[in-house]
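A.B. asks:
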Amino acid sequence: MKISAVKGMNDILPEQIGTQRPISAWQRLENACRVRFDLYGYREVRTPVVEETRLFARSIGESTDIVGKEMYTFSDRKGKKLLSLRPEGTAGVVRAFVQHSVHTRDPITKWWYGGPMYRYERVQAGRYRQFHQIGAEAIGVAEPAMDAELLVMLDRLLRDDLRISPLKLLVNSLGDRADRTAYVDLLKSYLKKHLDSLCEDCRRRYEQNPLRALDCKVPDCQPVLDEAPQIGESLSEPARRHFEKVLALLGEMDIELEVRPRLVRGLDYYNRTCFEFVAGGLGAHDTVCAGGRYDDLVGSLGGPRLPAIGFAMGVERLVMLLPEDPNLEPEGPRVFFVYVGEESLETCFRLMEEMRESGVSAEMDFRGGSVKSQMRRADKKGARFAIVIGETEIATRRVSLKELWREKARDEETISFDLLVDSVKKRLLMNG
Ligand code: ATP
Ligand code: MG
63 MKISAVKGMN
73 DILPEQIGTQ
83 RPISAWQRLE
93 NACRVRFDLY
103 GYREVRTPVV
113 EETRLFARSI
123 GESTDIVGKE
133 MYTFSDRKGK
143 KLLSLRPEGT
153 AGVVRAFVQH
163 SVHTRDPITK
173 WWYGGPMYRY
183 ERVQAGRYRQ
193 FHQIGAEAIG
203 VAEPAMDAEL
213 LVMLDRLLRD
223 DLRISPLKLL
233 VNSLGDRADR
243 TAYVDLLKSY
253 LKKHLDSLCE
263 DCRRRYEQNP
273 LRALDCKVPD
283 CQPVLDEAPQ
293 IGESLSEPAR
303 RHFEKVLALL
313 GEMDIELEVR
323 PRLVRGLDYY
333 NRTCFEFVAG
343 GLGAHDTVCA
353 GGRYDDLVGS
363 LGGPRLPAIG
373 FAMGVERLVM
383 LLPEDPNLEP
393 EGPRVFFVYV
403 GEESLETCFR
413 LMEEMRESGV
423 SAEMDFRGGS
433 VKSQMRRADK
443 KGARFAIVIG
453 ETEIATRRVS
463 LKELWREKAR
473 DEETISFDLL
483 VDSVKKRLLM
493 NG
């Protein structure tokens, strides 16, 4: 019986993790995040993959697609509690923050997290049912400088560290709750007049979550949505000043951005600044990072009334866009040992271990076979050097180093066993 992975939940095989040594695309992304977040004072937090369903209902919002139709929900064994696989990270992180009264130890909390998220979505390129996010939350600061700092950090991470290109930062302000309520009324009465020219989804959103209609990608809806009243016109004075300050600080730092009056977020908890980083080359699903301010969430989850801002990046989408790093080397061992016979196996085994102990990756094929077939395997593995050890080599304790990357093997002088590690290292240093 052959059993496959669940649809939309992918194995990430080594060749998808990346083909560069010693660190590949996934690791490069993770490392860059760690280093960048550390520079800005974010510390890592790990929360469970499973939470109570009501946590997500409460925070993300009952009327959102995520809670309404995308969550994996089940009752635990005793059937008393409804649990869900987390569809995003913020709810769990804020729950942990509140549960452990973190604010009593530190008035400002900056945390980052990473890991798998689960949503029952229509599976397509760049959209899966298990996917990975790396995100961060800064809790305790309402000032616009916090928003700006977060965006500068992300811009540096995505543009400078990871070299994602092309990349665009889109920002908008959703105002405060009262602004939003007023705006939604305005938007609803506008949409009502144009329902006939809107798609079915938009007509549903008109009823349930009108803001979300602004996010519609259906071409026929665009003319109507383009003409819709803009939330920017409904902002209260404090919200407007906040947004202007964010933009001014980002301008100071020469961060390129575009104000998108129609940019909204799908989750209920956002207010004021919201943003997306959009990359080219991914087709329809080109948002690689999204986030915003959520000043009411901590309080509504039973915590202190503390403002907060955060974001989440889609790891699969970013990895697809990561350019190869020219400073890293292709996968494959530096040295491949080829053996002939039992005594040769032991010698190779020992020399191979010496190589590794001195930091040079080495491999051999214990299954043996002809020299020719072992050499083919060395080639296929992408090895840099091959070393054949037969009777002569054992008798003279000298080997020749065959460079596999060259078109034609040069006549190699032989090297004594004792000097082998050093000369491999020297050669690697000399020709990169
Ligand atoms: P979208 O508009 O693409 O559905 P979203 O608003 O649902 O995005 P968020 O909840 O803001 O997405 O998640 C942040 C990021 O996580 C997205 O920008 C995207 O890069 C990634 N992401 C979200 N859902 C998926 C998924 N099903 N598969 C892969 N990546 C995803
Ligand atoms: Mg979505």
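Numbering (the working numbering), first residue to last: 63 to 494.
Where a beta carbon is used, it is the ideal one built from N, C-alpha and C, also for glycine.
In the DSSP assignment, find the beta strand (DSSP E) that holds Asn93 and state where it starts and stops.
C.D. replies: Per DSSP, Asn93 belongs to no beta strand (DSSP E); it is in the alpha helix (DSSP H), 87-101.
A.B. asks: Comparing the CB of Tyr190 with every heavy atom of the ligand ATP, is any distance shorter than 6 angstroms?
C.D. replies: True, at least one ligand heavy atom lies under 6 angstroms from that Cβ.
A.B. asks: Who are the Cβ neighbours of Lys172 in its own chain at under 6 angstroms, not counting the five residues just before and after it?
C.D. replies: Around Lys172: Gly103, Tyr104, Ala200.
A.B. asks: With 16 as the cutoff for other CB atoms within 10 Å, does Leu147 come out buried or exposed?
C.D. replies: Looking at its Cβ environment, which holds 16 or more other Cβ atoms inside 10 Å, Leu147 is buried.
A.B. asks: Could you tell me the distance, in whole angstroms, from the CA atom of Leu212 to the CA atom of Asp263?
C.D. replies: Distance between the alpha carbons of Leu212 and Asp263 is about 33 angstroms.
A.B. asks: Closer than 8 angstroms by C-beta to Lys254: which residues in its own chain qualify, once you throw out the five before and the five after it? Chain order, please.
C.D. replies: Result list for Lys254: Tyr268, in chain order.
A.B. asks: Assuming Arg108 contacts Tyr175 under a Cβ cut-off of 8 angstroms, what Cβ separation, rounded to an integer in Å, is found between them?
C.D. replies: Going by Cβ atoms, the distance from Arg108 to Tyr175 rounds to 7 angstroms, so yes, they are a contact pair.
A.B. asks: Run the proximity test for Gly365: is its beta-carbon closer than 6 angstroms to any non-hydrogen atom belonging to the ligand ATP?
C.D. replies: Checking the Cβ of Gly365 against the ligand ATP gives no.
A.B. asks: Since Gly372 and Gly197 are thought to touch, with beta carbons under 8 angstroms apart, how far apart are those beta carbons, to the nearest angstrom?
C.D. replies: Yes, Gly372 and Gly197 are in contact; Cβ-Cβ is about 6 angstroms, under 8 angstroms.
A.B. asks: Take the Cβ of Phe428 as the centre, count every other Cβ of all protein chains shown within 10 Å, and call the residue buried at 16 or more, exposed below.
C.D. replies: Exposed, by the Cβ-count rule.
A.B. asks: Kindly indicate the opening and closing residues of the beta strand (DSSP E) around His194.
C.D. replies: Segment 192-201, the beta strand (DSSP E) holding His194.
A.B. asks: Any contact between the region 152-171 and the region 334-343? By contact I mean 3 or more CB pairs, one from each, below 8 angstroms.
C.D. replies: Output reads no: the region 334-343 does not touch the region 152-171.
A.B. asks: Taking DSSP as the reference, what is the three-state secondary structure of Met315?
C.D. replies: Looking at Met315 - three-state DSSP - the assignment turns out to be coil, as it is neither helix nor strand.
A.B. asks: Could you tell me the alpha carbon to alpha carbon distance between Ile85 and Leu231, rounded to whole angstroms?
C.D. replies: Approximately 28 angstroms, taken between the alpha carbons.
A.B. asks: Compare the beta carbon distance of Asn333 and Asp357 with 7 angstroms and say whether it is the shorter of the two.
C.D. replies: It is a contact, given that the beta carbons lie within the stated cut-off.
A.B. asks: If you compare alpha carbons, which of Trp467, Lys69, Glu415, Leu407 is closest to Ala187?
C.D. replies: The candidate whose alpha carbon is nearest that of Ala187 is Lys69.
A.B. asks: With Ile525 as the anchor, note down where its beta strand (DSSP E) starts and where it stops.
C.D. replies: Any answer about residue 525 is impossible in this case: the structure gives the chain only from 63 up to 494.
A.B. asks: Given 8 angstroms as the limit, is there contact between the region 246-253 and the region 402-409, that is, 3 or more CB pairs closer than that?
C.D. replies: The region 246-253 vs the region 402-409: no contact.
A.B. asks: Quick check: is any heavy atom of the ligand ATP less than 6 angstroms from the C-beta of Thr334?
C.D. replies: Sequence inspection shows Arg at residue 334; the Thr mentioned does not correspond to that position. It does not: the Cβ of Arg334 is nowhere closer than 6 angstroms to a heavy atom of the ligand ATP.
A.B. asks: Asp348: which of Cys283, Glu378, Arg396, Met71 sits nearest, CA to CA?
C.D. replies: Measuring from the Cα of Asp348, the nearest candidate turns out to be Glu378.
A.B. asks: Any idea what DSSP makes of Arg105, helix, strand or coil?
C.D. replies: Three-state result, Arg105: strand.
A.B. asks: Going by DSSP, what residue range makes up the alpha helix (DSSP H) through Glu269?
C.D. replies: Start and end: 262-270.
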